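Visitor:
Protein chains: 2
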Amino acid sequence: MINKELVAASTEPLILSLLAGRESYGYALIQEVKRLSGDKIEWTDGMLYPVLHRMERRGLIKSRWDERDTGRKRKYYSLKKDGKTAMARHYEQWSLVHGVLSGLRKEQHV
Amino acid sequence: MINKELVAASTEPLILSLLAGRESYGYALIQEVKRLSGDKIEWTDGMLYPVLHRMERRGLIKSRWDERDTGRKRKYYSLKKDGKTAMARHYEQWSLVHGVLSGLRKEQHV
DNA sequence: TGACATACGTTGCCACGCAATGTATTGTGG
DNA sequence: CCACAATACATTGCGTGGCAACGTATGTCA
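If you read the sequences in order, they're chains A and B.
Mind the numbering: the first sequence is residues 1 to 110 in this note's numbering, read in order.
Mind the numbering: the second sequence is residues 111 to 220 in this note's numbering, read in order.
1. With a cut-off of 8 Å, does the C-beta of B/Arg168 fall near any C-beta of chain A?
2. Among the candidates B/Val143, B/Thr154, B/Glu142, B/Gly193, whose CA atom is the shortest distance from the CA of B/Arg167?
3. When you compare the CB of B/Pro160 with every CB in chain A, is at least one pair closer than 8 Å?
4. So, does the CB of A/Leu96 fall closer than 8 Å to a CB anywhere in chain B?
5. Could you tell me whether the Cβ atoms of B/Tyr201 and A/Arg105 are closer together than 8 Å?
6. Report yes or no: is there a C-beta of chain B within less than 8 Å of the C-beta of A/Leu29?
7. Go ahead and label A/Tyr77 buried or exposed: buried means 16 or more other beta carbons lie within 10 angstroms of its beta carbon, across all protein chains shown.
8. What is the DSSP secondary structure of A/Ser95, counted as helix, strand or coil?
9. Around the Cβ of A/Thr44, are there at least 16 other Cβ atoms within 10 angstroms (buried) or fewer (exposed)?
10. Extract the residue ranges of the alpha helix (DSSP H) inside the segment 9-67 of chain A, only unbroken runs of 4 or more that lie entirely within it.
11. Please confirm whether A/Leu19 and A/Leu79 have their CB atoms less than 8 Å apart.
12. Would you grab the beta carbon distance between B/Ala196 and B/Leu170 for me? Rounded to a whole angstrom, and I think it's under 8 Å.
13. Shorter than 8 Å from the beta carbon of A/Glu107 to some beta carbon of chain B?
14. Within the same chain, show all residues whose beta-carbon is closer than 7 Å to that of B/Ile124, passing over the 5 residues directly before and after it, in chain order.
15. Would the beta-carbon of B/His208 fall within 8 Å of that of A/His109?
16. Please confirm whether A/Ile2 has its beta-carbon closer than 8 Å to some beta-carbon of chain B.
17. By a C-beta neighbour count over all protein chains shown, 10 Å radius and 16 as the cutoff for buried, is B/Ala198 buried or exposed?
18. Between B/Trp134 and chain A, is any beta-carbon pair separated by less than 8 Å?
19. In chain A, what lies closer than 8 Å to B/Tyr54 by C-beta?
Given below as structure tokens:
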């Protein structure tokens, strides 16, 4: 289990990164992130959907309903231009913090 | 400027890492982290001191007053055993999330 | 027919992040 | 010598948003 703050900080960048590969929908995102993290990151739907709605409101992603002939219909999300920009900024910031952190860590092994 | 969530998620690991090198005090920690991050991470004292107090309450760090003959007296913090453990766990979690994130990023450049 | 997996949604509350504010001392430049 | 800036620690209060909890619906398998 990953601590709360880290989950909060990584949710948006992870969603953006997942959608950058291909469009997807809420339920699938939850499972993908669980799989990719080796079951360490477990999003609940109650927290994910509001995040997706907020990101759509902010113009980072857009959605379309997929009417399938079988199963419940899905809401597919995909990246918008602003989402790509936001993703790039997230990467920069993560790299920076991660750099500082691993720099400090290295020091300790001297 | 780093986004709010990322600052929140990185504050505790950064403090622990800084203190792992050598003991330090609040004001100095603010400046060190600013310097190390190339002025990108700017902690305010109003947010840092409560964090330090909380970490001390949780037994991760301990403090001692340094009575100097000149200047205002300083409260020096240093790592306790539980702090080292917590730091290790933070590193693990950061590496995990960072790994997932950079894995996804790599995919996009294929 | 009941249980479980799939799938999306909203509400409400309370924890807590942190801006704002308070206090004190030392250094400095005009 | 007087402001002002820098150094240094501390607490309070309140706004908000994270997310647990709950609601709805369909498909499937035993």
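Every residue gets a Cβ at the ideal spot worked out from N, C-alpha and C, and that includes glycine.
Nothing here was measured: the structure is a model prediction, and the numbers come from that model.
Guide: Looking at the coordinates:
1. no
2. B/Gly193
3. no
4. yes
5. yes
6. no
7. buried
8. helix
9. exposed
10. 26-36, 45-57
11. yes
12. 5 Å
13. yes
14. In the sequence under discussion, the amino acid at residue 124 of chain B is Leu, which differs from the Ile named in the question. Within the same chain, B/Leu124 has close Cβ partners Val143.
15. no
16. yes
17. exposed
18. Contrary to the premise, residue 134 of chain B reads as Ser rather than Trp in this sequence. For B/Ser134, the answer is no, since every Cβ of chain A falls outside 8 Å of its Cβ.
19. Shown here, chain B extends from 111 to 220; a query on residue 54 of chain B therefore has no answer.
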